[in-house]
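To convert, take the position in the sequence shown, counting from 1, and add 5; that gives this note's numbering. Just so you know, even glycine gets a beta-carbon here, dropped at the ideal spot from N, CA and C. To keep things clear, I will list the structure first and then write my remarks on it.
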Amino acid sequence: AFGFLFLSVPLLVYYYNESVAAGTNKEANIWLMIMIGFFINAPYALITTAVSADLGSHESVKDNHQVLATVTGIIDGTGSLGAVVQGVVIGNMSTSSWKSVFEFLMLAEFLAALMIVPLVWKDTRRISIRN
6 AFGFLFLSVP LLVYYYNESV AAGTNKEANI WLMIMIGFFI NAPYALITTA VSADLGSHES
66 VKDNHQVLAT VTGIIDGTGS LGAVVQGVVI GNMSTSSWKS VFEFLMLAEF LAALMIVPLV
126 WKDTRRISIR N
């Protein structure tokens, strides 16, 4: 997930410089949007699935499917709420300039990647100790 988030920032920079600012052809725009969508949505799907699976193996929710379903719903609902807020913020920002929208998205992706660094560090240390 870290790699996807980290790589989405240069893709956004490239997309803005080549498509939004320069106006490339339709096919290039479509492929760039697909790549950016993949690099941004894949970490969200991986993280929410991993958190739900991790909670499913926790002792406090063992054999209690109702609690697990509730927690999973809260996790997924929080992501949906974030998408709603992001839509309003970006909608307001786009009225002034698209450059500010892309800068905001790049900052959000970079901060998301930074927030995952402690988990990546912990997992890397755990794997290196095991080997």
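Write down the C-beta distance between residue i and residue j rounded to the nearest angstrom, noting that I regard them as a contact closer than 8 Å.
i: S57; j: T77; result: 5 Å
i: F5; j: A118; result: For residue 5 there is no data in the structure shown, the boundaries of the chain being 6 and 136.
i: A6; j: I121; result: 6 Å
i: G107; j: Y21; result: The sequence shown places Phe at residue 107, rather than the Gly named in the question. About 4 Å separates the two Cβ atoms, so the contact holds.
i: L16; j: I52; result: Wrong, their Cβ atoms sit about 19 Å apart, outside the cutoff.
i: I45; j: E114; result: 7 Å
i: L73; j: L60; result: 6 Å
i: S105; j: M111; result: Actually they do not touch by this definition, with Cβ atoms about 11 Å apart.
i: F9; j: A50; result: Rounded, the Cβ-Cβ distance is 10 Å, inconsistent with contact.
What span of residues does the alpha helix (DSSP H) with residue i cover, start to end?
i: E23; result: It is not in any alpha helix (DSSP H) - E23 carries neither H nor E in the DSSP assignment.
i: N34; result: 31-61
Can you tell me whether residue i is helix, strand or coil according to DSSP?
i: A113; result: helix
i: A118; result: helix
Inside the segment 65-103 only - beta strand (DSSP E) runs reaching at least 3 residues | none
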